[in-house]
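Visitor:
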Amino acid sequence: MSMGGSAGGRGSRVSTGDARLQREINREAPRVANLGARIAALFRPYRWQLTAIVALVLVSAGLGILPPLITQRVFDDGLFPSAGGPNLPVLVRLVALMILVFVLSSALGIVQTYFTARVGNRVMGDLRVRLFSHLQSMELGFFTRTKTGVIQSRLQNDVGGVANVLTNTVSNVIGNTVTVIAAAIAMLLLSWQLTIVALVLMPVLVFAQRRVGQVRARIAGQTQESLSEMTAITQEALSVSGVLLAKTYSRQGAETERYAAENRRQIALQVRQAMSGQVFFALVQVFLSAVPAIVYLVSGWLIARAQGEGFDPGITAGTVVAFTTVQSRLLFPLMALMRIALDLQTSSALFARIFEYLDLRPAIVDAPGAGEPFDEPGRAGRVEFDRVTFRYPDAREGERPTLDRVSFRVEPGEFVAFVGASGSGKTTIGSLIPRLYDASEGAVCYAGDDVRGLRQEALVDRIGVVTQEPYLFHASIAENLRYAKPGASQEELEAAARQANIHETISSFADGYDTIVGERGYRLSGGEKQRIAIARVLLKNPRVLVLDEATSALDTLNERVVQRALDEARSGRTTIAIAHRLSTVEGADRIYVVDAGRIVEQGTHAELLALGGAYAGLYAQQGVPGP
-13 MSMGGSAGGR
-3 GSRVSTGDAR
7 LQREINREAP
17 RVANLGARIA
27 ALFRPYRWQL
37 TAIVALVLVS
47 AGLGILPPLI
57 TQRVFDDGLF
67 PSAGGPNLPV
77 LVRLVALMIL
87 VFVLSSALGI
97 VQTYFTARVG
107 NRVMGDLRVR
117 LFSHLQSMEL
127 GFFTRTKTGV
137 IQSRLQNDVG
147 GVANVLTNTV
157 SNVIGNTVTV
167 IAAAIAMLLL
177 SWQLTIVALV
187 LMPVLVFAQR
197 RVGQVRARIA
207 GQTQESLSEM
217 TAITQEALSV
227 SGVLLAKTYS
237 RQGAETERYA
247 AENRRQIALQ
257 VRQAMSGQVF
267 FALVQVFLSA
277 VPAIVYLVSG
287 WLIARAQGEG
297 FDPGITAGTV
307 VAFTTVQSRL
317 LFPLMALMRI
327 ALDLQTSSAL
337 FARIFEYLDL
347 RPAIVDAPGA
357 GEPFDEPGRA
367 GRVEFDRVTF
377 RYPDAREGER
387 PTLDRVSFRV
397 EPGEFVAFVG
407 ASGSGKTTIG
417 SLIPRLYDAS
427 EGAVCYAGDD
437 VRGLRQEALV
447 DRIGVVTQEP
457 YLFHASIAEN
467 LRYAKPGASQ
477 EELEAAARQA
487 NIHETISSFA
497 DGYDTIVGER
507 GYRLSGGEKQ
517 RIAIARVLLK
527 NPRVLVLDEA
537 TSALDTLNER
547 VVQRALDEAR
557 SGRTTIAIAH
567 RLSTVEGADR
577 IYVVDAGRIV
587 EQGTHAELLA
597 LGGAYAGLYA
607 QQGVPGP
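Number 538 in the numbering used here belongs to position 552 of the sequence shown; there are no gaps in the numbering.
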């Protein structure tokens, strides 16, 4: 029986479980609690580096406000003093000071950029690894319900989408805020009347910016969902299996159109995201750019009025030049702060998607105080089901269970087999032994202990699984073998390969054990892949060997070769075979016949044939008449 939800049509690729999971994880950003605090917590391991960055930013921002003030002194004390021509000694000192400030600001900017990039990228790397590690801990059912491309997009596109926020936000917010505050103070010191003119519309701009940010956040969420779908299509259609399927059914054009349709949606969303807020920023820029002209007008009006009424307005040529210089320096920090605020609102949707995955709790975890399996002779390798009932998480209410009160016991060193029609539940039995799923009722036991009370890693170390379709990495044969035992020597690799009856074949390759097998082992035949998978399990040296229809996809010749390797692998181990071809389990110590989730017959091959029941019927269907 398949361990995943039923597949949907080729056009949608969405199963019932997949759709249910998407409803669970694609919630709106505000539903993630304490989002701001959680984002801030990502920087906690780097608080000392952040302190240094803040200090650098404060110094740099403070230096940045000095040139306008020096400019006022250049005009009033250097170029146009109250009497006589320019005061060259004063002018030289002021210009030298201004150049020194520029040099120091540039040097501090370089150091600040290095530290902010270093901290930001480390935070992003930590987040990516944390998310990857969390996904590794999720139960098998999560992956059978979710498209691989959707998971990859959440890991790559969503984390990548917040990269700018993580790397630049802290320094930009602090630097621009300090610059704005310092500029506002300098403007007040120069002229409080002109400051009111320059800042009168700021509250209106802040309110408008917030509304624009909400719109951009919604578009950002839709954009990431579209990117997830594009990644899923790419992963499906451009994998070896997907390409092969498309070519054999002449569906390349349909696959291209499916990708193109999502690409058109992505382009439209990207354009919407790029254009959202552009009118707002254009108005902001027009307003801030027009302020100097308004300042000139107001200054002239104040000076003219002062002259008419006989009082000193406190506005000189140097004041006007310095004020407009400060105000022009205010333009870019204010624009930057507004853009940062928009970016934060936009990124909140991406952070929410990331934290939603991090908030998913694995269904299978170690119980508090989980222990080690017993390895004493007589117990190590014993497998027992005690009235086990199992329903898949996405099973409909009222649907019959996949397994219904199944009980059996396999003693250490025994070879037992489970046979039955497709969908009878026999593969589910093999999945419950290494605790890929937990029983809904009853208990699955190893060495006399319920597996739910054992440490998962310790349990899995004692169980080896060979499936119908072995998974090989796009790497060398040696690297694929060492996946089971990273420190294995060449001699150990060759010993396991000989036991799996594959060493001579590997040695015949030009690169031997360094031969690259290709994606999912496509450069090898089915029999070669299966025997390498068996060698990998033998290198692990488990106490229990689960063979899940390990030869059913092979031709007769390859089946015989692999079967000899399996016979060798079973030696001295508890072996549980999930079999389709009955010829492969005729020598089993005991055979269980599974039908509709229940064990309906058990016995040796000869006993079951003599019984003339379900097993004899299956045997006859495979071309061998019963007694």
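Using N, Cα and C, we set each Cβ at its ideal position, and we do this for glycine too.
Which residues bound the beta strand (DSSP E) around F371?
Guide: Run containing F371: 369 to 376, per the beta strand (DSSP E) assignment.
Visitor: Should L126 and L344 be called a contact, given that it needs their Cβ atoms to be closer than 8 Å?
Guide: Taking 8 Å as the Cβ cut-off, L126 and L344 do not qualify as a contacting pair.
Visitor: Please check the pair A563 and V571, which I expect to be a contact at CB under 8 Å, by giving their CB distance rounded to whole angstroms.
Guide: Their Cβ separation, rounded to whole angstroms, is 5 Å, which keeps A563 and V571 in contact under 8 Å.
Visitor: Determine whether the beta carbon atoms of V148 and S333 lie at a separation below 8 Å.
Guide: Their beta carbons are under 8 Å apart, which means V148 touches S333 by this criterion.
Visitor: Could you tell me the alpha carbon to alpha carbon distance between P472 and D447, rounded to whole angstroms?
Guide: About 14 Å.
Visitor: At the level of alpha carbons, what is the spacing between L389 and V351?
Guide: Spanning the two alpha carbons is a distance of roughly 22 Å.
Visitor: On the DSSP bridge list, what partners appear for Q588?
Guide: In the DSSP output, where bridge partners are listed per residue, Q588 has Y578.
Visitor: Mind checking V580: buried by the 16 CB within 10 Å criterion, or exposed?
Guide: Buried, because 16 or more other Cβ atoms sit within 10 Å of the Cβ of V580.
Visitor: Hey, I56 and L83: beta-carbon distance below 8 Å or not?
Guide: The answer is yes: Cβ separation under 8 Å.
Visitor: So does the stretch 580 to 599 actually touch the stretch 418 to 434, counting three or more Cβ pairs closer than 8 Å?
Guide: Short answer: they don't touch.
Visitor: Measuring alpha carbon to alpha carbon, tell me which of I340, I326, L595 ends up nearest I137.
Guide: Ranking the options by Cα distance to I137, first place goes to I340.
Visitor: Between E554 and S569, what straight-line distance do the alpha-carbon atoms span, to the nearest angstrom?
Guide: Straight-line Cα distance between these residues: approximately 17 Å.
Visitor: Which residues does DSSP pair with T560 in a beta bridge?
Guide: For T560, which the question treats as bridged, DSSP gives the partners V530.
Visitor: Which of the three DSSP states is assigned to R250 in this structure?
Guide: DSSP places R250 in helix when its eight states are reduced to three.
Visitor: What does DSSP give as the partner residue(s) for F337 in the beta ladder?
Guide: DSSP output for F337 lists no bridge partner at all.
Visitor: Alpha carbon to alpha carbon, how far is A600 from I463? Give it in angstroms, no decimals.
Guide: Each residue's Cα considered, the two are about 42 Å apart.
Visitor: DSSP on F309, reduced to helix/strand/coil?
Guide: Three-state DSSP puts F309 in a helix.
Visitor: Report, in whole angstroms, the separation of the C-beta atoms of L28 and D112, which I expect to be a contact under 8 Å.
Guide: 7 Å between Cβ atoms; contact.
Visitor: Hey, out of Q122, A168, S139, whose CA is closest to P54's CA?
Guide: The option with the nearest alpha carbon to P54 is A168.
Visitor: Buried or exposed: which applies to P456, given that a residue is buried once 16 or more other Cβ atoms fall within 10 Å of its Cβ?
Guide: Label assigned to P456: buried.
Visitor: So, at 8 Å on beta carbons, what are the nonlocal neighbours of L94 in its own chain, with the 5 sequence-adjacent residues on each side left out?
Guide: Only L42, V45, S46, L49 meet the Cβ criterion.
Visitor: Helix or strand or just coil, what does DSSP make of V451?
Guide: Of the three classes helix, strand and coil, the one that applies to V451 here is strand, per DSSP.
Visitor: For Q485, I'd like the list of residues in its chain whose CB is within less than 6 Å of its CB, leaving aside the five on either flank, ordered along the chain.
Guide: Once the five neighbours on either side are set aside, the close Cβ partners of Q485 are L524, E554.
Visitor: Which word fits V89, buried or exposed, when buried means at least 16 other C-beta atoms lie within 10 angstroms of its C-beta?
Guide: So V89 ends up on the exposed side.
Visitor: Is the stretch 514 to 530 in contact with the stretch 435 to 443, if contact means three or more CB pairs nearer than 8 Å?
Guide: Taking 8 Å as the limit for Cβ pairs, the verdict is that the stretch 435 to 443 does not touch the stretch 514 to 530.
Visitor: Taking Cβ to Cβ, would you say M124 is nearer than 8 Å to T153?
Guide: It is not a contact, given that the beta carbons lie outside the stated cut-off.
Visitor: Enumerate in chain order the residues of its own chain whose CB-to-CB distance from R204 is below 8 Å, with the five nearest sequence positions on each side excluded.
Guide: Same-chain partners within the cutoff: A335.
Visitor: Which whole-angstrom value describes the C-beta separation of H591 and I577, a residue pair presumed to lie in contact below a C-beta threshold of 8 Å?
Guide: Confirmed, about 6 Å.
Visitor: Kindly list the residues whose CB is nearer than 7 Å to the CB of L458, restricted to its own chain and excluding five residues on each side of it in sequence; keep chain order.
Guide: Closer than 7 Å at Cβ, skipping near neighbours: N466, V503, R506, G507, K515, I518.
Visitor: Which residue comes first and which comes last in the beta strand (DSSP E) that contains F394?
Guide: Unbroken beta strand (DSSP E) run through F394: 389 to 396.
Visitor: Are three or more beta carbon pairs between the stretch 205 to 221 and the stretch 248 to 258 nearer than 8 Å?
Guide: Taking 8 Å as the limit for Cβ pairs, the verdict is that the stretch 248 to 258 does touch the stretch 205 to 221.
Visitor: Which residue or residues does DSSP assign as beta-bridge partners of Y432?
Guide: Bridge partners of Y432: V369, D435.
Visitor: For V105 and A26, I'd like the C-alpha separation in whole angstroms.
Guide: Rounded to whole angstroms, V105 to A26 spans 13 Å at the Cα level.
Visitor: Just the C-alpha distance for N487 and A444, rounded to the nearest angstrom, thanks.
Guide: The straight-line gap from Cα to Cα measures roughly 29 Å.
Visitor: Taking all protein chains shown into account, decide if L180 is buried (16 or more other Cβ within 10 angstroms of its Cβ) or exposed.
Guide: Result: buried.
Visitor: DSSP three-state call for I502: helix, strand or coil?
Guide: DSSP places I502 in strand when its eight states are reduced to three.
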